[in-house]
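Heads up, the numbering used here is the position in the first sequence plus 34, with the first residue counted as 1.
In this text, a Cβ means the ideal position worked out from N, Cα and C, and glycines have one as well.
Please read all numbers here as calculations on a predicted model, not as lab measurements.
For reference, the structure discussed in these notes is given below.
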Amino acid sequence: MPQKIFNTKTRKKEILQPVREGAVGMYVCGITAYDVCHIGHARAAVVFDVVFRHLKARGYNVTYVKNFTDIDDKIIDRANREGVGIDQIAERYIHLHDEDMAALNVLTPTITPRATGHMEDMVALIKTLEEKGIAYAVDGDVFFAVHNFPVYGGLSGRHLDEMMAGARVDVNDKKRNPLDFVLWKKSKEGEPFWESPWGKGRPGWHIECSAMSRRYLGDTFDIHGGGEDLIFPHHENEIAQSQAATGRPPANYWMHNGFVKINAEKMSKSLGNIFSIREIIQQYHPEVLRLFMLQSHYRSPVDYSDASLKEARTALIRGYTALQQMKETREKLVSPDQEKRPPEPSDEMKKLSELKDKFDASLDDDFNTAQALGYVFDAARLVNHVTTAAKKMPASAKQAILAAAADLFAHFGDVLGVFQLDPDIFFHTDRSLEAAKRGLDTARIEARIAERQKTREEKDWSRADDIRRELAAEGVILKDSAGRTTWLID
RNA sequence: GGCGGCAUAGCCAAGUGGCUAAGGCAGCGGUCUGCAAAACCGUUAUUCAUGAGUUCGAAUCUCAUUGCCGCCUCCA
């Protein structure tokens, strides 16, 4: 099945036809390094991480470029407030970003360029635009003249005359037209600057992406992505700059992820409802956040709330419970010669193979992770059925099915970036986080469980039940199985 | 004002012209269990905001109505 992508430019799903057969060039707008990453950044990162992973799994040679904006007014402000250089601010928040991404199991893109490392490319691009008469310099600033680029507005579906009518009064009287945007900004006294043909200054916001995507992916590449808020003006302006300079559209497919809302409200600084990735992963395992994102289609808005994360946690526990059962059952069944034998055909084997195909097909269809997860949970049910319910099934058949299921879950994990941990490690982390939230001492709980284990061996059920009730009052749920007791909070 | 999006069970959420409307959470009945928990089996929307239309056939297409939301200024 061919890969389909919803293209913002045409507002339709289209079949991916890469510029170069078998390869995909993808550019995604990254962060401006002036603050810690919030869950909106997490969503964009996770969405395009899955795009990257799935295309790779489908055999494409993917070059994924995600930039860091390390020169910007907000960075300068912060540096001034703290009395440090902009490079220190950028370095700090890029480092924290990398930590957050690693926690979320987001793969590092192929190339992660920084704006300040590409000044010459930007200056050259602006010069080209100036030479072509599309950009004009005024007293150290350089502007892009939107009227000289006839298809301006093509991505966002806006028309120049309509925008003119609604344009807000611009205080910058250097511009010939209020919609013209800055390519190069003259630096004020004390601000960081780079030398240029127009004097000391710094690049405008949009030009870095035009310069860096072209440097690493060429004049026209395949996929350009980012949050939906970037459609206008950022991506519109990027297209204008690139296409005016090279004569070719920079990207063939434009992908935009939807917003994260907080309790049905827009996340914004003024509402004070911004959640950082690092504060959330102190509350929940990072995979909870990841699963939460993937349960909705990437273009729909998602509504973040504690209740929705709790639900995602419960779903994640369901998956890991199946994986843990699978692991334990396989350990018990272990017989190397059996593993080597070709698996006998069975309904379950057939079902697993179908689930893999359906899973992959869901992602082929515009990266429908929500639908794909449905098949993951179908697979979990099948695993649970084999490990705990199918008492009459011969061990050899179970072994073959579980080996195939383990391979399938490895594939799911590779593509979605969840369910890749050892279940025991996942549950350990989950328990620690939940215990910390409630101020519970895990060592004390473990000790009480050990005491209870003795009473169980003595078949003193009433004392065993007393301890269970005592722990249950704190939210600790015990699961007795042959030989050992595991536990979970909530 | 301009542009765009969304409305599917108690909740979250796929499905966008034709098999029984995925999956998760919650609920109910049963199996398993010393009892539980988990798991499994079964069950929970004759129906997809409302009204009209197109079609042999629509949750899916068209029009209208209602409600919610985003962008148009920095923003993932």
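Within 10 angstroms of the Cβ of residue i, are there 16 or more other Cβ atoms? Answer buried if so, exposed if not.
i, result
"D340", "exposed"
"A124", "buried"
"T348", "exposed"
"F460", "buried"
"R282", "exposed"
"M35", "exposed"
"S230", "buried"
"N101", "buried"
"G74", "buried"
"I109", "buried"
"W495", "exposed"
"F411", "exposed"
"A169", "buried"
"E321", "buried"
"S304", "exposed"
"V118", "exposed"
"K209", "buried"
"N291", "buried"
What residues in its chain sit with their C-beta under 6 Å from that of residue i, if we drop five residues either side in the sequence?
i, result
"I31", "With the chain running from 35 to 524 in the structure shown, residue 31 is simply not present."
"K43", "L189, W288"
"V85", "F401"
"Y409", "L389, K392, F393"
"H258", "Y61, A285, W288"
"K149", "In the sequence as presented, Lys is not what sits at residue 149; that position holds Ala. Excluding positions up to five away in sequence, the list reads T103, D104, I105, E242."
"A406", "F393, S396, L397"
"L522", "I511"
"D524", "G509"
"N139", "G451"
"L89", "V58, V96"
By Cβ distance below 7 Å, which residues in the same chain neighbour residue i in space, the five residues on each side in sequence not counted?
i, result
"L505", "I479, R482, L512"
"T355", "none"
"M360", "V417, T421, L436, A439, A440"
"M156", "P237, I241, E242, A245"
Could you spell out the range, first to last residue, of the beta strand (DSSP E) harbouring residue i?
i, result
"D175", "175-178"
"E48", "46-49"
"V294", "294-296"
If you run the structure through DSSP and keep just helix, strand and coil, what is residue i?
i, result
"Y409", "helix"
"R352", "helix"
"H331", "coil"
"R282", "coil"
"E55", "coil"
"A346", "helix"
"I168", "coil"
"M289", "strand"
"N41", "strand"
"D448", "helix"
"D337", "strand"
"K425", "coil"
"E299", "strand"
Between residue i and the rest of its own chain, which residues show a CB-CB distance below 8 Å, the 5 nearest in sequence each way excluded?
i, result
"T162", "A279"
"T363", "V420, T421, K432, L436"
"T144", "V96, T97, Y98, V99"
"T476", "R465, S466, A469"
I'd like the span of the alpha helix (DSSP H) that includes residue i, first residue to last.
i, result
"F393", "381-398"
"I314", "311-314"
"I459", "457-472"
Kindly examine the ligand FAD and report whether one of its heavy atoms sits closer than 7 Å to the Cβ of residue i.
i, result
"L323", "In the structure shown, the ligand FAD is absent, as is every other ligand, since no ligand is present at all."
| Ranges of the alpha helix (DSSP H) found wholly within the region 58-144, counting only runs of at least 4 | The region 58-144 contains these whole alpha helix (DSSP H) runs: 73-91, 107-116, 120-137.
| field | Continuous alpha helix (DSSP H) assignments of at least 4 residues falling wholly in the region 192-272 | value | Qualifying alpha helix (DSSP H) stretches, in chain order: 194-200, 241-251.
| Continuous alpha helix (DSSP H) assignments of at least 4 residues falling wholly in the region 490-524 | Qualifying alpha helix (DSSP H) stretches, in chain order: 495-507.
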